[in-house]
Every structure is written in structure tokens, then in C-alpha cells.
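In the working numbering, the protein residues as written are 1 to 152.
Note that the Cβ used here is the ideal one computed from N, Cα and C, for glycine as well.
All of these numbers come straight from a predicted model, not from anything done at the bench.
Notes to accompany the following structure.
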Amino acid sequence: MLFRYRRAAIDGMARLNLRLFAAVAAGQIARGGSAVDEFLGWADILATLRREELILLATLHRIEQAKPPPGSGPSAFSDPARAALTRALVPDPFASAGDVAAAADACTRTGLVVVTRRPADPPLVFRTTPCLAALLALASIEGVLGRERQAH
Numbered sequence: 001m002l003f004r005y006r007r008a009a010i011d012g013m014a015r016l017n018l019r020l021f022a023a024v025a026a027g028q029i030a031r032g033g034s035a036v037d038e039f040l041g042w043a044d045i046l047a048t049l050r051r052e053e054l055i056l057l058a059t060l061h062r063i064e065q066a067k068p069p070p071g072s073g074p075s076a077f078s079d080p081a082r083a084a085l086t087r088a089l090v091p092d093p094f095a096s097a098g099d100v101a102a103a104a105d106a107c108t109r110t111g112l113v114v115v116t117r118r119p120a121d122p123p124l125v126f127r128t129t130p131c132l133a134a135l136l137a138l139a140s141i142e143g144v145l146g147r148e149r150q151a152h
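Laid out in C-alpha cells, this is it:
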């Protein structure tokens, strides 16, 4: 775990991603294990995330947990939830609702968000995945973002 962290630092990974690496490692240790294979999998995912994507993931999760739409289960991303996400993220860190949707779609590469297409307008439905829930059981993205803001 330390070698992977060090390699990421040497490769110039963003400080925020390094903080998240450390939080995941601490979460694994606190959980009573240091599953290196699991950490390496998380490291590969976390290394690719931009700051704005981390903010989107944390915000999407918080909105989904706050009040699931009636009859849709806790992870459905409904129109009211989409509007809440847009209000939370526009104009900072995203300039428009289109930028939010593009970032959410980009997060599908990680397995932390899934997007499904539907015939109605708007056609995209974003949901967090159990993979994000597993990550958040190890480390709080919002906590890491908060520590990063305090450092500046």
C-alpha cells in the first residue's frame, strides 16, 4: 500500500487524490485488515478522478441518501434529484447542467456511477453504485474535500 501511494506521489498525482488514497488505506486498517489487492483496485480508480468528479460523487451520494424518490428505491436519480444536483454544483465547480451531466457520465469509467438511457427527456438517469457505497464505507470523500479546503 505504501509503495503504491509513494509511486502515485512520485508520478505527480494531485494532493486531493493522495489524501483520498490515505483515507482509504486508513479505513481498511481501521476495518481490521490491509487487503492490498483491494487497495490497489481502489488506487487505480481514485487515481483517475478529477477534483470536480469527486465533488460530484459526494454530492450525488448525499442527495440520494437524503430523500429517495417515492417508489424508486434509494439509488434512483430522478428529475428532482437531478435538479438538486445541478443547483448544488452550478456555477461552482461546474458552469452548466450539461457540464454536470458530462462529468457524471465520465464517472461511469470508475464503476462508481452508472448511467442508463430512457426514452423520455432528459434521457439520462444517473445513479451511484454499490461500489461507491463500499468506497464511502472506507473513506469520506466529503471529509477529504473538507480537509483539502482547510489546507488552502
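Along the chain, where does the beta strand (DSSP E) that runs through residue i open and close?
{"i": "Arg117", "result": "Val113 to Arg117"}
{"i": "Arg149", "result": "Premise fails: Arg149 lies in the alpha helix (DSSP H), Ile141 to Ala151, not in any beta strand (DSSP E)."}
{"i": "Phe126", "result": "Leu124 to Thr128"}
Short of 8 Å in beta carbon distance, which residues of its chain neighbour residue i, apart from the five on each side in sequence? Order them along the chain.
{"i": "Phe39", "result": "Met1, Arg4, Val24, Ala25 and Gln28"}
{"i": "Thr116", "result": "Leu124, Val125 and Arg127"}
{"i": "Cys107", "result": "Leu49, Glu53, Leu56, Leu57 and Val113"}
{"i": "Asp99", "result": "Val90"}
Using the Cβ count rule (16 or more neighbours within 10 Å means buried), how would you classify residue i?
{"i": "Thr48", "result": "exposed"}
{"i": "Ala35", "result": "exposed"}
{"i": "Ile10", "result": "exposed"}
{"i": "Ala95", "result": "exposed"}
{"i": "Ala103", "result": "buried"}
{"i": "Arg82", "result": "buried"}
{"i": "Ala66", "result": "exposed"}
With a threshold of 7 Å on Cβ separation, who are the neighbours of residue i within its own chain once the five nearest residues in sequence on each side are excluded?
{"i": "Thr59", "result": "Leu85, Ala88 and Leu89"}
{"i": "His61", "result": "Thr128, Leu132 and Leu136"}
{"i": "Leu145", "result": "Leu54, Ile55 and Ala58"}
Give the range of the alpha helix (DSSP H) segment to which residue i is assigned.
{"i": "Phe21", "result": "Arg15 to Ala30"}
{"i": "Gly98", "result": "Ala97 to Ala106"}
{"i": "Arg109", "result": "First-last for Arg109: undefined, no H or E at that position."}
{"i": "Phe94", "result": "Counting along the chain, Phe94 falls outside any alpha helix (DSSP H), and DSSP gives it neither H nor E."}
{"i": "Ala9", "result": "Leu2 to Ile10"}
Output needed for residue i: all residues of its chain with C-beta closer than 6 Å, excluding positions within five of it in sequence on either side, in chain order.
{"i": "Leu16", "result": "Arg51 and Glu148"}
{"i": "Thr110", "result": "Ile45"}
{"i": "Pro93", "result": "Glu52 and Ile55"}
For residue i, which option in the options has the closest C-alpha, if you only look at C-alpha atoms?
{"i": "Leu138", "options": "Arg6, Ala14 and Arg31", "result": "Arg31"}
{"i": "Leu135", "options": "Leu20, Arg7 and Asp37", "result": "Leu20"}
{"i": "Ile160", "options": "Leu18, Ala101 and Pro80", "result": "The structure shown has nothing for residue 160, since the chain only spans 1 to 152."}
{"i": "Glu180", "options": "Pro130, Gly41, Gly98 and Ala14", "result": "Because the chain spans 1 through 152 in this model, residue 180 falls outside it and cannot be assessed."}
Ignoring anything shorter than 4 residues or poking outside the segment 44-70, list the alpha helix (DSSP H) runs there in chain order. 51-66
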